[in-house]
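Student: Chains as they are written, first to last, in my numbering: chain A, 21 to 346; chain B, 21 to 346.
A virtual CB, placed ideally from N, CA and C, is assigned to each residue, including glycine.
This is the structure I want to talk about, given as structure tokens.
Protein chains: 2
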Amino acid sequence: MASPARGVADVPALVERVRAGDPRAVGRLISLVEQESSLMREASALLAPYSGGAHVIGITGAPGVGKSTSTSALVSELRRRDARVGVLAIDPTSPFSGGALLGDRIRMQVHSTDPDVFVRSMATRGQLGGLSLATPQALRVLDAAGFDVVIVETVGVGQSEIEIAGLADTTVVLLAPGMGDGVQAAKAGILEIGDVYAVNKADRDGAREVRRDLRTMLAPSSRPPQAWKPKILLTVASTSEGVDELADAVEAHHSWLDANGELTRRRVRRARDEIEAIALTALRFRLADEPGGQRLADLADSVVARERDPYSAADVLLEAVMSQKL
Amino acid sequence: MASPARGVADVPALVERVRAGDPRAVGRLISLVEQESSLMREASALLAPYSGGAHVIGITGAPGVGKSTSTSALVSELRRRDARVGVLAIDPTSPFSGGALLGDRIRMQVHSTDPDVFVRSMATRGQLGGLSLATPQALRVLDAAGFDVVIVETVGVGQSEIEIAGLADTTVVLLAPGMGDGVQAAKAGILEIGDVYAVNKADRDGAREVRRDLRTMLAPSSRPPQAWKPKILLTVASTSEGVDELADAVEAHHSWLDANGELTRRRVRRARDEIEAIALTALRFRLADEPGGQRLADLADSVVARERDPYSAADVLLEAVMSQKL
């Protein structure tokens, strides 16, 4: 490989330190990919041969179900089982980087002295809506750093939970009583994404009803017999009640994925989505910035002047962009 | 123009009936664009010369703030002012078309006998996440049908509220007391999108505090003197209290937009976004279906096999797609 321009960071040296498990290098490299700098491309190429080892767990749920507390309790349980654990806490609704709420950070603080736990908040919003390109790259950094498990935690709003399910090997959907979850679940499409469901705050009224509703909605009407049967658990993350069963369920799902060839299928699908997102981002830049930007502005004027409709304008734009050399 | 293939519908005849204000034709044409059929392109070309007359109002807010009730009350007030009103109620989280909740439909039922009100629920999720291409097309149908005001109502989750602001001339953000709105507002970026803020359910404790917090957060620190100063109102939509002031604020904003050339600027930006979305959707099809589909699948395999990183895979895919003739 020809020696690439280095810019501000020596990426190959950083990748070496990441592979040796140096937490400062891990943090530094995630910062680089988070900025979506040109170094991301170089880092991606260098990390690719070392990825694929980690079990990626997605944790999602509506605001207020106890995501941070559950993540923290699950990390403690996985540590008891000797796994090294990386955590990406992602807030797709915040434009502020590192913008996790103070309370969330405090809940994870218990792990701050453990060298085998790495916690990072990311608050990136992608150009196409939803998670940014940086999310799979940051995952790859933690994967290459040798963490056995990487947890991606995100609030379940809009598309983000669907995207998390796309990134994860195992998706844990959290619910809690008293939040109208039955309707919310049916509405938001979470019934399609969960491999494990945890009804958190199970010491409160209504937890069993939420579980019952979930069981009904997840009833295996047309599921093939060899398919994974989503697990439904009750947890009280604040006291760690049920969190050992949560860890068991997550590990059982991982074994099932592996035994059935589904792990590779999910990862191929994930790679497909990532390649497509990178290509679309590049095309979007060509349409809206160079060389398409001025052409797009002129076309928008002509649509507002009612001289053209948006479809024929899009045809003109595509023709202009496609006729350029790559 | 050469006579286009008609398929199942005579689009030019339908457009004529839409222009004459026939509500059945309006509903039929929206159904066509909602299916994103090839007829959408034809309809768009025929509608383009007749659009731009309606004042487009976006109404958004978190679940539970009273969006449907507020929309219904605003429609009643605008009808008292002799405006013909079209409403698109959009649920970007539901995969089910026409999937608005029953309660929402009942709230709007009061207008069902008024020939100068047209209400339509759409539950479309776009391919790129967020609102689908059909949303601006459906807007254009109502615009061409001669409605003075078109209200687009959507739940404020994830990107959808940002997208609604992109579609609307005037964006109304609804809040309600007791929902942790101060934090939510700052987090979700709604402070950038609202032209008018209504604190609904203002008969409940805490409404004034929400207004006070909003005032603080919206304080014009660095705003230029000629900029629009967002209005903050208290409403009780269920009793129509404050809804006349809401209509006043919305009309005042429209006049301000018109007087300052901002109406055209917003519409050029909207046309730009729409052209870009159409072009990107076409490119996405080329990447993921024809001719790129098999290539993308092979590249995903090689990424999972660690033979390639996703960036270089995207380069190969782009080169393959761009070298085809349009």
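Mark A320 (chain B) as exposed unless 16 or more other C-beta atoms lie within 10 angstroms of its C-beta, in which case mark it buried.
Tutor: A320 (chain B) is buried by the Cβ-count criterion.
Student: Once you ignore the five residues that flank L148 (chain B) on each side, which residues in its own chain have a CB closer than 8 Å to its CB?
Tutor: With a pLDDT of only 44 at L148 (chain B), under the threshold of 50, the placement of this residue in the model should not be trusted; the figure read from the coordinates follows. Excluding sequence neighbours, L148 (chain B) sits near A297, L300, T301 and R304.
Student: When the Cα of I110 (chain B) is compared with those of B:L98, B:P311, B:D168 and B:L187, which residue comes out closest?
Tutor: Among B:L98, B:P311, B:D168 and B:L187, the Cα nearest to that of I110 (chain B) belongs to B:L187.
Student: Using a Cβ-Cβ cut-off of 8 Å (strictly less than) and excluding sequence neighbours within five positions of R224 (chain A), which residues of its own chain qualify?
Tutor: Here the set comprises A196, P197 and G198.
Student: Just to check my reading of the structure: I77 (chain A) and T155 (chain A) have Cβ atoms closer than 8 Å, yes? What is that Cβ distance to the nearest angstrom?
Tutor: At roughly 14 Å, the Cβ-Cβ gap does not stay under 8 Å, so I77 (chain A) and T155 (chain A) are not in contact.
Student: Alpha carbons only, please: which of B:V95, B:S88 and B:I210 is nearest the one belonging to M237 (chain B)?
Tutor: Measuring from the Cα of M237 (chain B), the nearest candidate turns out to be B:I210.
Student: Should R285 (chain B) be labelled buried (16 or more other beta-carbon atoms within 10 Å of its own) or exposed?
Tutor: That one is exposed.
Student: With H, G and I counted as helix, E and B as strand and the rest as coil, what does DSSP make of I213 (chain B)?
Tutor: Note: I213 (chain B) maps to coil in three-state DSSP.
Student: When the Cα of R326 (chain A) is compared with those of B:Q55, B:A68, B:G312 and B:A325, which residue comes out closest?
Tutor: Here the closest residue by C-alpha is B:A68.
Student: Measure the C-alpha to C-alpha separation of L9 (chain B) and R315 (chain A) and round it to an integer number of angstroms.
Tutor: Residue 9 (chain B) lies beyond the range of chain B shown here (21 to 346); nothing can be said about it.
Student: Nearest-angstrom Cα distance between D335 (chain A) and L108 (chain B)?
Tutor: Cα to Cα, D335 (chain A) sits roughly 28 Å from L108 (chain B).
Student: Counting along the chain, where does the alpha helix (DSSP H) carrying R232 (chain B) start and finish?
Tutor: Start and end: A227 to M237.
Student: Should V139 (chain B) and A74 (chain B) be called a contact, given that it needs their Cβ atoms to be closer than 8 Å?
Tutor: Not in contact: V139 (chain B) and A74 (chain B) (Cβ atoms no closer than 8 Å).
Student: Need the endpoints of the beta strand (DSSP E) that H75 (chain A) sits in, please.
Tutor: Looking at the DSSP string, the run of the beta strand (DSSP E) that includes H75 (chain A) is H75 to G81.
Student: Kindly indicate if chain B contains any beta-carbon less than 8 Å away from that of I298 (chain A).
Tutor: Cβ-Cβ to chain B under 8 Å: yes for I298 (chain A).
Student: Thinking C-alpha only, which one of A:V105, A:V161 and A:A247 is nearest W276 (chain A)?
Tutor: Nearest option by C-alpha distance: A:A247.
Student: Have a look at S58 (chain A) and L49 (chain A) and give me their C-alpha separation to the nearest angstrom.
Tutor: Each residue's Cα considered, the two are about 13 Å apart.
Student: Would the beta-carbon of L45 (chain B) fall within 8 Å of that of V38 (chain B)?
Tutor: Checking the sequence shown, residue 45 (chain B) turns out to be Ala, not Leu. Yes.
Student: Taking 8 Å as the CB-CB cut-off, is A164 (chain A) touching chain B?
Tutor: Closer than 8 Å: no.
Student: According to DSSP, R39 (chain A) sits in a beta bridge with which residue or residues?
Tutor: None; R39 (chain A) has no bridge partner.
Student: Would L253 (chain A) and V193 (chain A) be called neighbours here (beta carbons separated by less than 8 Å)?
Tutor: It is not a contact, given that the beta carbons lie outside the stated cut-off.
Student: Spell out a yes or no on whether the segment 251-266 of chain A and the segment 78-98 of chain A are touching, meaning 3 or more CB-CB pairs, one atom from each, closer than 8 Å.
Tutor: Contact holds: three or more Cβ-Cβ distances are below 8 Å.
Student: Rounded C-beta distance between I295 (chain A) and A333 (chain B)? I'm assuming under 8 Å.
Tutor: Rounded, the Cβ-Cβ distance is 5 Å, consistent with contact.
Student: If I measure Cβ to Cβ from V130 (chain B) and keep anything under 8 Å in the same chain, skipping five residues before and after, which residues do I get?
Tutor: S92 and S96.
Student: Below 8 Å between beta carbons: does that hold for A291 (chain A) and V323 (chain B)?
Tutor: Against a cut-off of 8 Å, the Cβ pair of V323 (chain B) and A291 (chain A) comes out as a contact.
Student: Under 8 Å between C-beta atoms, does Y217 (chain A) make it to chain B?
Tutor: No, because no Cβ of chain B sits closer than 8 Å to the Cβ of Y217 (chain A).
Student: Cβ of I295 (chain B) less than 8 Å from any chain A Cβ?
Tutor: So yes, I295 (chain B) belongs to the interface.
Student: Thinking C-beta only, is A218 (chain A) closer than 8 Å to S90 (chain A)?
Tutor: Result yes, Cβ atoms of S90 (chain A) and A218 (chain A) sit closer than 8 Å.
Student: List the endpoints of the continuous beta strand (DSSP E) containing R140 (chain A).
Tutor: Unbroken beta strand (DSSP E) run through R140 (chain A): V137 to M142.
Student: For the beta strand (DSSP E) that E173 (chain B) lies in, which residues bound it at each end?
Tutor: Per DSSP, E173 (chain B) belongs to the beta strand (DSSP E) from V169 to V175.
Student: Taking the alpha helix (DSSP H) that V336 (chain B) belongs to, which residues open and close that run?
Tutor: Counting along the chain, the alpha helix (DSSP H) containing V336 (chain B) begins and ends at P330 to M342.
Student: What's the gap between the Cα of A40 (chain A) and the Cα of I213 (chain A)?
Tutor: Looking at the two C-alpha atoms, the distance is approximately 34 Å.
Student: Less than 8 Å between CB atoms is the rule here; does T80 (chain B) satisfy it with respect to chain A?
Tutor: No, because no Cβ of chain A sits closer than 8 Å to the Cβ of T80 (chain B).
Student: In chain order, what residues of the segment 315-337 of chain B put their CB closer than 8 Å to some CB of chain A?
Tutor: Answer set for the segment 315-337 of chain B: L316, A317, L319, A320, D321, V323, V324, R326, R328, D329, P330, Y331, S332, A333, A334 and L337.
Student: Could you pull the start and end residues of the alpha helix (DSSP H) that A247 (chain B) belongs to?
Tutor: Unbroken run through A247 (chain B): none, as it is neither H nor E.
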